[in-house]
Each structure stands twice: as structure tokens, then as C-alpha cells.
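> Sequential numbering from 0 applies to the sequence shown in numbering that gives the first Met the number 0. We put the CB at the ideal spot given by N, CA and C, even for glycine. Computed from a prediction, not measured in an experiment: that's the story for all the values here.
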Amino acid sequence: MAATVIDGKAFAGTVREKVAAHVERIKAEAGVTPGLAVVLVGEDPASQVYVRSKGKQTAEAGMNSFEHKLDADTSEADLLAVVDQLNNDPAVHGILVQLPLPDHLDSDLVINSIDPAKDVDGFHISNVGLLGTGQKSMVPCTPLGCLMMLRDHHGSLSGMNAVVIGRSNIVGKPMAQLLLNDSCTVTIAHSRTADLPGVVRQADIVVAAVGRPEMVPGDWIKPGATVIDVGINRLDAPEKGEGKTRLVGDVDYDSCAAVAGAITPVPGGVGPMTIACLLANTVTACCRANGLEEPEGLTA
Ligand code: GUN
């Protein structure tokens, strides 16, 4: 039977609607408007696209959007001063420093200078520690989006075997932690894993987050498993015309879809969920800061 296609684009729309409804409610009931500040250092074209999209979607959800664009040669002291100002600004409930930062800036230092309560990326070591000990934290957006889709598809994840391929701080490690917190049996696989196909074949849930185009073939997938593809890779597509490209994930979609029970496509799967979860984290941070009821179903 053909796999169910998990429509991340539609799901992200539902998340954004829930965020907007909660924003409207807290504006009316408490007179508070959530605010998200995004800091972009330099002119990386991909980062500029991301930041523009974040600003637009933040405003569409009824929240305040603040953008701080700094020159590529901004000093660490000047960047830390901007973060400090945002930490102390009561109109700002979420702060995101767009990564990657230019090489002369220490990303860990900068991220750990953000007030953990405003760390809507969930990258601050305090939030990593809170998540790791099963306490209330800010949860990284991409893994949170994957978790929401998995819970929506399966209901309970308890007792399922999950294999996360990739061990990044942004996706792989927090994803594994979230699945563990939902009572999955979790394996984190990576480039040095022995018999990766054999490990993946044990999985009821496969999350691929390695950044290697179409690396996971269908014959690694247990029949009926759920495949969540976090990869966004751009490949040349001369068949579409001179200089054209196409987006592919970390799994070989056609062969995996032929075996899986459910699968996320690329594009239109995990990707749209990331910004939707950033909006969700911002409204959650705002509610926590103001002692207001948090939106339901938008946190881990
Ligand atoms: N660069 C690409 N994705 C992200 C993200 O989710 N957060 C931050 N801070 N930078 C990014």
C-alpha cells in the first residue's frame, strides 16, 4: 500500500492559525502582544531569505517583528550589546540570532548570552539541560515540528523504535531527546555507525537529518515505518532547463515511499514546520513571561 504523505505545509498552516488565535486572545485579555527579534549578521543570501520569511509570518500571526541587521564585520562586543539590549526589552519575548554567524564570532558564546526564557531556538545550554532532564524548556523548532507531525499521525509514540540519523545540536540530539521523552526506544546513528542499513531497518520511526542528498534508500526502511525527512538539499536539474535546480531530502523519496507507512515530502514536509514552531515558541515564551495560559498542543 502506498505510504501516507504527511503534509507539513498544511500542518504548518494549522499551527500558524492556532498561534494567531492565541495571540489574538492574549492581546484582548491581557493587552500583551508577543514580539520576536531576529538578529542577522552579514549578508548570506539564504539567511536573508529565512529572515524575511520569519518577519512576514510573525507579522501575519499578529505579533511584533523586530529585525536587527548588522554588518558582516560587526565585533563580538557589539553583537553581545545588541543581545543584551533585547534581553532587557520587555516588548521582546523571543530572540533568534540567525546562524551561521561569520567566522570571527563565537556562536556558542553569543547563543549562551541570550536570556534562556527568550531563547526561542532552544539552543541555550540551559534549555538543552532542561530538555535533557525532562523539564519545561524552549524546544528547538525543527525537532519540535517533527514531533508534532509524529504525534498527530500516531497519537502515542510510546514503545516505538526510533532511529535518528544525524547528531547535530540543532536537530539530531534534541530530536532524540524529544522521542525519548515520549517513551520511544531511541538510537542516534551517524557517519560512523556500523551497519547503518541494519540499524535503520529496526526502526518504526526514522528521522533523517544528515544533510546528504537522498542518502537513505527504500531497502533500509522497515515496511510500514514512518519516515521524517529533515534534509533540504539543492541538486542540479539540467532536465528542467539550463542552470535549474531541484530540492531533495536526505531520503530517496520514491523508493522509501514505496515501503514506508507514512513519509514527509521535500519540499512541503518538515521545512514549513520550522518557522511555524518558531512562532509557537514565541507565543509560548510570551505567555510564560507574563504568567498567561500557554497555547495547547504547541509545545513538547
Ligand atoms: N539557520 C538556519 N536555521 C536556523 C534556525 O532554526 N535557527 C537559527 N538561529 N539559525 C538558523
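Taking 8 Å as the cut-off, decide whether the C-beta atoms of Ala299 and Val138 are in contact.
For the purposes of this step, residue 299 is taken as the residue at position 300 of the sequence shown. For the purposes of this step, residue 138 is taken as the residue at position 139 of the sequence shown. A contact, by the Cβ cut-off of 8 Å.
> What would DSSP say about Leu100, mapped onto helix, strand or coil?
Within the sequence shown, residue 100 is the residue found at index 101, counting from 1. Coil at Leu100, not helix or strand.
> Can you give me the C-alpha to C-alpha distance between Pro101 and Val22, rounded to a whole angstrom?
Counting from one through the sequence shown, the residue named residue 101 turns up at place 102. Counting from one through the sequence shown, the residue named residue 22 turns up at place 23. Pro101 and Val22: Cα-Cα distance of roughly 34 Å.
> Would you tell me roughly how many angstroms separate the C-alpha atoms of Ala1 and Leu291, rounded to the nearest one?
Mapped onto the sequence shown, residue 1 falls at position 2. Mapped onto the sequence shown, residue 291 falls at position 292. Cα-Cα distance, rounded: 44 Å.
> Relative to the C-alpha of Gly267, which candidate in Asp251, Leu246, Leu85 has its C-alpha closest?
Sequence index remark: in the sequence shown, residue 267 carries index 268 (1-based). Comparing Cα-Cα distances from Gly267 to each of Asp251, Leu246, Leu85, the minimum goes to Leu246.
> If you compare alpha carbons, which of Ser112, Val269, Asp72 is closest to Gly230?
Within the sequence shown, residue 230 is the residue found at index 231, counting from 1. It is Val269.
> DSSP state of Ser64, grouped into three classes?
Reading the sequence shown from its first residue, position 65 is the one you call residue 64. Ser64: strand per DSSP, three-state reduction.
> What would DSSP say about Arg233, mapped onto helix, strand or coil?
Position 234 of the sequence shown, counted from the first residue, corresponds to residue 233. It is a strand residue.
> Using only the alpha-carbon positions, how far apart do Glu325 and Pro271 sit?
The displayed coordinates of the chain run from 0 to 299. Any statement about residue 325 would go beyond what the structure contains.
> Mark Val48 as exposed unless 16 or more other C-beta atoms lie within 10 angstroms of its C-beta, in which case mark it buried.
Counted from its first residue, the sequence shown places residue 48 at position 49. Exposed: under 16 other Cβ atoms inside 10 Å.
> Is any heavy atom in the ligand GUN found nearer than 7 Å to the beta carbon of Gln97?
In the sequence shown, counting from the first residue as 1, residue 97 sits at position 98. Under cutoff, so the answer is yes.
> Please classify Lys17 as buried or exposed, where buried requires at least 16 neighbouring CB atoms within 10 angstroms.
The residue labelled residue 17 in the question sits at position 18 within the sequence shown. Label assigned to Lys17: buried.
> Quick check: the Cα distance between Val300 and Ser125, rounded to an integer number of angstroms?
Nothing can be reported for residue 300: it is not among the residues displayed for the chain, which extend from 0 to 299.
> Please determine whether the Cβ atom of Cys183 lies at a distance below 7 Å from any heavy atom of the ligand GUN.
The sequence position of residue 183 within the sequence shown is 184, counting from 1. Cys183 Cβ: outside cutoff for every heavy atom of the ligand GUN.
> Among the candidates Ala116, Ser106, Thr141, Met62, whose CA atom is the shortest distance from the CA of Asn87?
The sequence position of residue 87 within the sequence shown is 88, counting from 1. Residue Ala116 is the option with its Cα nearest to Asn87.
> Considering only heavy atoms of the ligand PLP, does any lie closer than 7 Å to the CB of Thr57?
This structure does not include the ligand PLP; its bound ligands are the ligand GUN.
> Have a look at Lys172 and Leu149 and give me their C-alpha separation to the nearest angstrom.
Reading the sequence shown from its first residue, position 173 is the one you call residue 172. Reading the sequence shown from its first residue, position 150 is the one you call residue 149. Cα to Cα, Lys172 sits roughly 17 Å from Leu149.
> Starting from the C-beta of Gly248, find all residues in its chain whose C-beta is less than 6 Å away, skip the five residues before and the five after it, and write them out in chain order.
Taking the sequence shown and counting its residues from 1, the one referred to as residue 248 is at position 249. Cβ within range, chain order: Asp228, Gly230, Val265.
> Can you tell me whether Lys53 is buried or exposed? The criterion is at least 16 other CB atoms within 10 Å of its CB, across all chains shown.
The residue given as residue 53 occupies position 54 in the sequence shown. The residue is buried, with at least 16 neighbouring Cβ atoms inside 10 Å.
> Could you say if the segment 205-213 and the segment 160-176 meet the contact criterion of at least three C-beta pairs nearer than 8 Å?
Yes, the segment 205-213 is in contact with the segment 160-176.
> Please state whether the Cβ-Cβ distance between Lys170 and Leu179 is less than 8 Å.
As a working note, residue 170 is residue 171 in the sequence shown. As a working note, residue 179 is residue 180 in the sequence shown. Before going further, note that residue 170 is Val rather than Lys in the sequence given. No, Cβ-Cβ distance for Val170 and Leu179 is not below 8 Å.
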